[in-house]
Every structure is written in C-alpha cells, then in structure tokens.
Amino acid sequence: MAIPLWTMHLMNKLSVAIAGLMLVLAACKTTGSAPPGDIPTAMDQAATTLLRSRLLHATSIAVVYRGEEFILHRGELETGKSNPPNDSTLYEIGSVSKTFAGLLLANTVLEGKATLDDPIQKYLPSAYPNLQSDGEPIRLRHLVTHTSGMPGMLPLQVNEVLKDFTAHATPAKLNAAYADYGQPRFWQDLHTVSIKGPLGKDYAYSSAGTELVAHTLEEIHGAPYESLLAEFLAREAGMQDVWLRLRAQDASRLAPGYHSDNPVGTTPMPLLPWGAAGALKTTMPEMVKYLRLQLSNHPAVTESHKPLVRFAEDFSIGYFWNIGQSSQLGTHYVHHGGVPRAQCYIYLVPKYQLGVFIITNQSGDATANAMEGALAPLFDRVESMEGR
503 MAIPLWTMHL
513 MNKLSVAIAG
523 LMLVLAACKT
533 TGSAPPGDIP
543 TAMDQAATTL
553 LRSRLLHATS
563 IAVVYRGEEF
573 ILHRGELETG
583 KSNPPNDSTL
593 YEIGSVSKTF
603 AGLLLANTVL
613 EGKATLDDPI
623 QKYLPSAYPN
633 LQSDGEPIRL
643 RHLVTHTSGM
653 PGMLPLQVNE
663 VLKDFTAHAT
673 PAKLNAAYAD
683 YGQPRFWQDL
693 HTVSIKGPLG
703 KDYAYSSAGT
713 ELVAHTLEEI
723 HGAPYESLLA
733 EFLAREAGMQ
743 DVWLRLRAQD
753 ASRLAPGYHS
763 DNPVGTTPMP
773 LLPWGAAGAL
783 KTTMPEMVKY
793 LRLQLSNHPA
803 VTESHKPLVR
813 FAEDFSIGYF
823 WNIGQSSQLG
833 THYVHHGGVP
843 RAQCYIYLVP
853 KYQLGVFIIT
863 NQSGDATANA
873 MEGALAPLFD
883 RVESMEGR
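In structure tokens, the structure reads:
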C-alpha cells in the first residue's frame, strides 16, 4: 500500500530530504571487517534522535558503506513489553516494494522481452479504450515514472479514504475496501478510470499503475509475480526471507505497528490484487542484501536507475526510483514506504557506495520528516569521512 500524500511530499522536498533518513534501534552490529567507527556512532545518534520524536518508540536501520554492513535495532515494538526488534523481525516496507517491481521490469527489458514503449493494452485481458489520452496509449514507461494519469489506488473510493489518513478509522476502512478485492474486481474497476493527459509529463503517483506492471510481468513470463520476484531475488541477491503472503509459521515475526496517534496497535495491511505496489515484508538482514544488490553493477540495477523523466533540475525518476541531485550526495536514489503501521526510507548514494534503509513501526503525518531529520547527521558524517 502506498500513501500518495507522502510521496508527493518527497517529490516536492527532495532536495531537502536528500539530507535525511532514519537509522534506529538498540544493538549495533557489523558483518565483515569493521569500517570506521564513525558509522555505528552516527547510526546510534540517528536512533536516539528519532526515538525522541512523539509517538516513535522503535526503529531498525541498515547501512552498507563501501562493502561493510551495519544493522542497528532499538526501542520496543510494543510499549512496556521489552520486545525490541531483531534480525528476525519482519517489517512491512510499503511502497519500497515498487522498486522491486521496477527491477524485475528492467531485467525483462534487458532480456528483450518487453520495451518501455510497449502499450499497456498489449498485456491486458480485454480492451480498455479508456487507457489513453488524445490517442496516445499508456505505455510501460508511463507506469514506472508515475506519468500515466492513472489514479493513486483502485478501487477509487480508497483515494477518498486516504485523504483523511490520520483518522483512527482509516485502517479499518482500508481493510474493508480490500477484504475481497482480487484481480477480477481490479479489472472491472479499471474500466471506470479516466485518463487526463498529457502522458509522460505530469507526476501523479499511482499504486494502481504499479499493479499493472506486476500483471505485465506475469503475462510476459507466464508465472505469478510472487514467484518471479522470489526466484529473481534468490538467484541474484541470495534473498530468501521476502514475502508478499506470510506463511502461518512466520506470522509471529511480523512487527506490530501503530497508526497515527492511536496507542492501540492496528492490523496488517490487506494484500492488493498483485501486491507489487506495497505488500512486501522482510527483515533487516535481507534489506542489507538488497542494498548490496542496488549498489552493484548488476545490469538490471543499472537499467532501473536510468533517469526516464526529469521533473526539475534536481529531481528525475527511473524505474520507480526518485533520483535526486545534491552537492553533498551527488546523484542518489530514494524511495519512501508507508502503510498505516510502518514507514521507511531507502537511500542509495553511489558516490560514497552508501546504502541506507530505515524503518519504524509507527505511521503518521510527522513520521517521514522525523526520519529525514534523524538521518541528516549520518550523511554529514559520511561526507566528512570521505573528505579526509
């Protein structure tokens, strides 16, 4: 599940958010030979700063810096229960899931099985004459750059629910909307979509469009999106603990979470028809592997990082990646994730061979800003170390 409001916030403030991220929780450990002690110190400072924020009481941070790995956990997943997160904790990573779908599509393009200029109608189960503007069809490149004019969510009433995101009733309304919402209903609702052009120009964040990318991948490869993703991640990154649908034996590992200022925990998000838009659950060690993959020269990673549309001098978008430019970080790649019980950020900074993933099990209007502010000193520390 994505929260379009926060993603628009990210787009509008990207040059500021460049200096932010969040890295928190109680035990700091490294794998491999230890890099400069500045990194664990900066992570600890970030966690301390973040957990001073109102309503935030637990966080986890993963950092890959020039080949070295760090994971930090701090706080309590449930207040007063002395249950800090750990390496086995499964987190809902929200719209960071979109970058996984973008990576699979980039790999498919490199395999010659699709092009970004393919009309989406080529892969749909029936005719959708509404998915065009002024005779121009929606193409794959429009979906991955959020320039298709597609609505944020289907069913359409969910977009109204999200306008009042902080209301305590919002999670229950979302659960009700998606209780029996599978692919047949999605295809039915897709006929009601009205596209306003021009295509390929105006940014309009769309989780519904991401779901179409997942369907496209299924049509091309002849396998469920869930299987395609699991096989790719296992083969290319050694990732084995990433889930769209949790197995019964893993349910107890899922981090509890809190919505807005409600002190009572809320239920996990229901699964969207394909889940590519924001349904992935995984652990911090797995996100370290993902950071490593995203910092590598893997051909699909390189393809997915290509800027496809430029919205401002310092902001472009690739295969779902927000691409920023700053004097401190150079070209960097960012994505926010949010569900009504967790928020996270992922940052990739090739200039420093730095990757950061930060997550907290609370989701409200101020959560994203708190993470950005907490991470700023970490980026300052890395910049200082690189200048030695």
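Quick note: the sequence shown uses my numbering, first residue 503, plus one each step. Ideal placement from N, C-alpha and C gives every residue a C-beta, glycine not left out.
Going by C-alpha positions, T768 is about 38 angstroms away from T804. In the same chain as K615, and ignoring 5 residues on each side of it, the C-beta atoms closer than 7 angstroms to its own belong to I722, in chain order. Here the segment 627-642 does not lie against the segment 840-859, with fewer than 3 beta-carbon pairs under 8 angstroms apart. Per the C-alpha coordinates, the member of D816, V790, S635, G820 positioned closest to A802 is G820. If the five residues before and after I848 are omitted, its C-beta is found closer than 6 angstroms to the C-beta atoms of V598, H837, F859, all from its own chain and listed in chain order. Counting other Cβ atoms within 10 Å of its Cβ, Q659 stays below 16 and is therefore classed as exposed. A straight line joining the alpha-carbon of I861 with that of L730 spans about 26 angstroms. Annotation: T833 to D682 spans about 42 angstroms, alpha carbon to alpha carbon.
The C-beta separation of A872 from L558 comes to about 6 angstroms, placing the pair in contact by the 8 angstroms criterion. Shown here, P879 sits in a helix according to DSSP, grouped into three states. With respect to the 8 angstroms criterion, A564 and L793 are classified as neighbours on the basis of their beta carbons.
For I722, the enclosing alpha helix (DSSP H) begins and ends at 709-723. Contact check for F688 against L656 passes: the beta carbons are separated by less than 8 angstroms. Following the DSSP letters along the chain, one finds I541 inside the alpha helix (DSSP H) bounded by residues 540-553. E580 is positioned such that its CB atom lies no closer than 8 angstroms to that of P770. With a beta-carbon spacing of about 5 angstroms, T712 and A778 fall inside the 8 angstroms limit used to define contacts.
Just measuring C-alpha positions, the residue of L831, I622, M786 sitting nearest A716 is I622. The segment 809-827 makes no contact with the segment 580-593; the number of CB pairs closer than 8 angstroms stays below 3.
When DSSP assignments are scanned along the segment 615-661, the uninterrupted stretches of alpha helix (DSSP H) that are 4 or more residues long and fall wholly within it turn out to be 642-646.
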